[in-house]
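Here's the structure, in structure tokens; my notes come after.
2 protein chains.
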Amino acid sequence: MPMKKTYFPERQHDHEACILAGMEHAEAECESRNVRFTENRRSVLELLLADHRPLGVYEIMEQFDWKGRRPAPSQIYRALEFLESIGLVHRIESSNAYLACNRPGRHRCTLFLVCELCKKAAEVEAGQMQDVITDLAKHSGFELHSQVIEARGLCPECTHAPTPDEAGH
Amino acid sequence: MPMKKTYFPERQHDHEACILAGMEHAEAECESRNVRFTENRRSVLELLLADHRPLGVYEIMEQFDWKGRRPAPSQIYRALEFLESIGLVHRIESSNAYLACNRPGRHRCTLFLVCELCKKAAEVEAGQMQDVITDLAKHSGFELHSQVIEARGLCPECTHAPTPDEAGH
DNA sequence: TTGATAATACTATAGTATAACATATTGATT
DNA sequence: AATCAATATGTTATACTATAGTATTATCAA
Numbered sequence: 034m035p036m037k038k039t040y041f042p043e044r045q046h047d048h049e050a051c052i053l054a055g056m057e058h059a060e061a062e063c064e065s066r067n068v069r070f071t072e073n074r075r076s077v078l079e080l081l082l083a084d085h086r087p088l089g090v091y092e093i094m095e096q097f098d099w100k101g102r103r104p105a106p107s108q109i110y111r112a113l114e115f116l117e118s119i120g121l122v123h124r125i126e127s128s129n130a131y132l133a134c135n136r137p138g139r140h141r142c143t144l145f146l147v148c149e150l151c152k153k154a155a156e157v158e159a160g161q162m163q164d165v166i167t168d169l170a171k172h173s174g175f176e177l178h179s180q181v182i183e184a185r186g187l188c189p190e191c192t193h194a195p196t197p198d199e200a201g202h
Numbered sequence: 034m035p036m037k038k039t040y041f042p043e044r045q046h047d048h049e050a051c052i053l054a055g056m057e058h059a060e061a062e063c064e065s066r067n068v069r070f071t072e073n074r075r076s077v078l079e080l081l082l083a084d085h086r087p088l089g090v091y092e093i094m095e096q097f098d099w100k101g102r103r104p105a106p107s108q109i110y111r112a113l114e115f116l117e118s119i120g121l122v123h124r125i126e127s128s129n130a131y132l133a134c135n136r137p138g139r140h141r142c143t144l145f146l147v148c149e150l151c152k153k154a155a156e157v158e159a160g161q162m163q164d165v166i167t168d169l170a171k172h173s174g175f176e177l178h179s180q181v182i183e184a185r186g187l188c189p190e191c192t193h194a195p196t197p198d199e200a201g202h
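First to last, the sequence lines map onto chains R and W.
For the first sequence, the working numbering gives the first residue as 34, with consecutive numbering after it.
For the second sequence, the working numbering gives the first residue as 34, with consecutive numbering after it.
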């Protein structure tokens, strides 16, 4: 049995460093793929990295300070589509929201844990599940392209002190 | 290795019987739970049973013949909420759509296979996955409430003859 | 028949996502 | 440097999905 490990951010983790690392990884990733890491894309990713909650597109829009004006939805969607296509962002289907990927190495199969109270989400490598799904698909003659695996419940912090207070962070 | 079994409806299955069985099961389920199986709820379930594709709410609305007029979205949502609450209907998160449950016995853990071409969906019992998810959640101190497991790809029929024709059904 | 509960009808509005087209930026090629 | 193709952006409009809120009606037990 593996050590207990919370995939949720520690309460006093170095958040600045965490954002910086995400941006540097993105930088490198774009470099190596030879794609452009433009201002829009950069800003959207920064906003997502700054928050450990998946953000909805309109939430991103509101936080987006764009020389006074606000961007249109499609501009955000385009940036997200790009970021998702190279694995820097994940879409959480059960929340219609987007989460910055905080695990540099690509996962074979990912389970997202979504806290229903504080709304934070964590990604967990779940390679075992890939085999099960692949088998089930194969046995029913289904050609598997992709999968969505999301769990909803309470994160470690909210489990212990599920007060309304925590819902705000 | 289990026998190959497609969880998708056979091309020439007895669809009338399949709808009827679904309605009878619903009837019995409501009876035993002592809840009302009203006209609205009945109609929505019938429409879902008649189609092996998950239907969006507005698609249901359009098909809903309601003495000439059309019902409002909230009426459909209410019926769906009810049907879902007693396990007669499932929501497919990655399609924002609803599927009639065609397996009478409650599943411990369900994987939905969604065909990206013909849009049909199948539910597959996936008990093995429950243990994996439960374990992963436990190890990260997460209190699990529910989960979403959906696979996207091509159903057996569309894998073999993925012509545009099939997309219509 | 009355009163509590559950369900419905209706109107309005909030939230999520894409289409379509014009403009601008980038970077390779001449 | 000038041109061109490819990529990305700006903008407007619209489609799709979901919920809130309130008034009304049906159901059933006391």
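Just so you know, even glycine gets a beta-carbon here, dropped at the ideal spot from N, CA and C.
Under 8 Å between C-beta atoms, does W/A200 make it to chain R?
Low confidence applies here, because W/A200 scores a pLDDT of 47, under 50, leaving its location unreliable and the question unanswered by this model.
Taking only the alpha-carbon atoms, compute the straight-line gap between R/P42 and W/R111 and give it to the nearest angstrom.
Distance between the alpha carbons of R/P42 and W/R111: 37 Å.
Does R/T143 have its Cβ less than 8 Å from a Cβ in chain W?
Not one beta carbon of chain W lies nearer than 8 Å to the beta carbon of R/T143.
Locate the beta strand (DSSP E) running through R/I119, then write down its first and last residues.
Neither: R/I119 is in no beta strand (DSSP E) and is coded neither H nor E.
So what's W/Q180 in DSSP terms, helix, strand or just coil?
W/Q180 falls in the strand class under three-state DSSP.
Examine the Cβ distances between the segment 143 to 162 of chain W and the segment 118 to 135 of chain W and report whether three or more of them are shorter than 8 Å.
Yes, the segment 143 to 162 of chain W is in contact with the segment 118 to 135 of chain W.
Can you tell me which of W/A170, W/L78, W/A83, W/P104 puts its alpha carbon nearest to the alpha carbon of W/L121?
Ranking the options by Cα distance to W/L121, first place goes to W/L78.
Drop a sphere of 10 angstroms on the beta-carbon of W/I182, count the other beta-carbons inside from all chains shown, and report buried for 16 or more, exposed for fewer.
With 16 or more other Cβ atoms within 10 Å, it is buried.
Below 8 Å on C-beta distance, what does R/Q180 contact in chain W?
Within 8 Å Cβ-Cβ: I182, E183, A184, R185.
Listed in chain order, which residues of the segment 152 to 177 of chain R have Cβ atoms closer than 8 Å to some Cβ of chain W?
Considering only beta carbons, the part of the segment 152 to 177 of chain R lying closer than 8 Å to chain W consists of A155, V157, A159, Q161, M162, V165, I166, L169, A170, H172, S173, G174, F175, E176, L177, in chain order.
Under a CB-based cut-off of 8 Å, is R/P42 close to chain W?
Taking Cβ atoms only, chain W never reaches closer than 8 Å to R/P42, which makes this a no.
Is R/E126 close to chain W? Criterion is C-beta to C-beta, closer than 8 Å.
With 8 Å as the cut-off, R/E126 counts as an interface residue toward chain W.
Assigned secondary structure, W/E43 (DSSP; H/G/I helix, E/B strand, else coil)
Here W/E43 sits in coil by DSSP.
Out of W/I52, W/R103, W/A155, point me to the one whose CA is closest to W/T39's CA.
When C-alpha distances from W/T39 are compared across W/I52, W/R103, W/A155, the shortest belongs to W/A155.
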